[in-house]
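**Student:** In order, the protein sequence lines correspond to chains U and V. Take the first sequence: its position 100, counting from 1, is numbered 535 in this note's numbering, and each next residue is one higher. Take the second sequence: its position 95, counting from 1, is numbered 101 in this note's numbering, and each next residue is one higher. Starting off with a structure, shown below.
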Amino acid sequence: MTLEDWLSTPENYVFLVIAIPMVVAGWRVVTSQNVVHAVLYLVATLAASAGLFLLLGAEFVAWTVVLVYIGAVVVLFLFGIMITRAPIGVDVSLSHPPRVRVAAAVVSFALFVLVGGAMLDAFSGAAAFDVVPTRTVDIGESIFARFVVPFEVVSVVLLAALIGGIVLARRDPEEPT
Amino acid sequence: MIITQFLIVGAALFSLGVYGVLTRRNAVLVLLSVELMLAAVNINLVAFDRFVADQLAGGQIFALFVITVAAAEVGIGLAIVLLIFRNRHSANVDELDLMKL
């Protein structure tokens, strides 16, 4: 598919409008010197990923991301920041010194070239696909028929995480702190 | 739409997450970068699901499972960070060197 073909599809402009701010916000998540700003940029990244899911016709996953990630996980992160009294405001020591950052940039860029190159190599010949929106009823039938055992296992994982979180974070009254 | 545009965005987001895990000192921000990597994986899963037009929507259901397990991981991870902060009065990963020779 040539670039002209790609640019002649209106959906791809929507994709660019969502994807470019997403990557920029992701970059700010890992470089911001303000903890709260980093969390808010993560909100922007996750909202953009929900937008990509809507573009792909995966409505149930998109709204689950909005509810679970933006609604719950981000609030949990903000609570974690407040409880651990992480320095709120500008602080240069939130990241490692520059020599570590350069090494990490080399490693992550090499990873991007490797993964992106492998994906391009494998799928650059693939044809364009039209999105057929997934109905939530299909997802429900699939979860409760074909994937019912993993679904139950995940519910046990959540229960274990709930109990584990309480046990780890509880302060025993008789224990000297 | 073609599949590679989603795969490239997913790879870029995943690499940013790896960069964040390697460079952040604050343990809460390391967890934040892990969330970035999981979001990248979700994009790949849903894109492949629509690419092959799976009748069972297996990719989307895997993405839902990833979201669930990520929520559990954040809960446990923040509890551990809280415990470390309570014992060491610091949430910086490079100050947790008790097991270093």
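Backbone N, C-alpha and C fix where the C-beta goes; we use that ideal spot for every residue, glycine too. If you're wondering where the values come from, they're calculated on a predicted model, not measured in any experiment.
Leaving aside the five residues before and after residue 490(U) along the sequence, list all residues of the same chain whose C-beta is less than 8 Å from its C-beta, in chain order.
**Tutor:** Within the first sequence, numbered from 1, the residue matching residue 490(U) stands at position 55. Here the set comprises 446, 449, 450, 453 and 566.
**Student:** Can you tell me whether residue 590(U) is helix, strand or coil according to DSSP?
**Tutor:** Working through the first sequence from its first residue, we reach residue 590(U) at position 155. Note: residue 590(U) maps to helix in three-state DSSP.
**Student:** Give me, in chain order, the residues of the same chain whose beta-carbon lies closer than 7 Å to that of residue 485(U); leave out the 5 immediate sequence neighbours on both sides.
**Tutor:** The count along the first sequence starts at 1 and reaches residue 485(U) at position 50. Excluding residues within five positions, the ones whose Cβ falls inside 7 Å are 497, 500 and 501.
**Student:** Can you name the residues of chain U whose CB is closer than 8 Å to the CB of residue 75(V)?
**Tutor:** The residue given as residue 75(V) occupies position 69 in the second sequence. In chain order: 589 and 592.
**Student:** Run through chain U and tell me which residues come within less than 8 Å of residue 80(V), C-beta to C-beta.
**Tutor:** Locating residue 80(V) in the second sequence gives position 74, counting from the first residue. Chain U residues near residue 80(V): 508, 511 and 512.
**Student:** Return the CA-CA distance between residue 516(U) and residue 472(U), expressed in angstroms with no decimal places.
**Tutor:** Here residue 516(U) refers to the residue found at position 81 when the first sequence is read from its first residue. Here residue 472(U) refers to the residue found at position 37 when the first sequence is read from its first residue. So the two alpha carbons sit approximately 12 Å from each other.
**Student:** Do residue 90(V) and residue 57(V) count as a contact pair if the criterion is CB distance below 8 Å?
**Tutor:** Counting from one through the second sequence, the residue named residue 57(V) turns up at place 51. Counting from one through the second sequence, the residue named residue 90(V) turns up at place 84. Result no, Cβ atoms of residue 57(V) and residue 90(V) do not sit closer than 8 Å.
**Student:** For residue 445(U), which residues in chain V fall below 8 Å Cβ to Cβ?
**Tutor:** In the first sequence, residue 445(U) corresponds to position 10, counting from 1. Result: empty, since nearest Cβ-Cβ is about 11 Å, beyond 8 Å.
**Student:** Should residue 35(V) and residue 535(U) be called a contact, given that it needs their Cβ atoms to be closer than 8 Å?
**Tutor:** The count along the second sequence starts at 1 and reaches residue 35(V) at position 29. The count along the first sequence starts at 1 and reaches residue 535(U) at position 100. No.
**Student:** Going by DSSP, which residues form a beta bridge with residue 625(U)?
**Tutor:** The requested residue 625(U) does not occur in the structure, where chain U is confined to residues 436 to 612.
**Student:** According to DSSP, is residue 469(U) part of a helix, a strand, or is it coil?
**Tutor:** Locating residue 469(U) in the first sequence gives position 34, counting from the first residue. Coil at residue 469(U), not helix or strand.
**Student:** Run down chain V in chain order and give the residues with a C-beta less than 7 Å from the C-beta of residue 574(U).
**Tutor:** To locate residue 574(U), count along the first sequence from 1; it is residue 139. Within 7 Å Cβ-Cβ: 63, 66 and 67.
**Student:** Look at residue 37(V) and residue 80(V) and say whether their C-beta atoms are less than 8 Å apart.
**Tutor:** What you label residue 37(V) is simply residue 31 of the second sequence in a count that begins at 1. What you label residue 80(V) is simply residue 74 of the second sequence in a count that begins at 1. It is a contact, given that the beta carbons lie within the stated cut-off.
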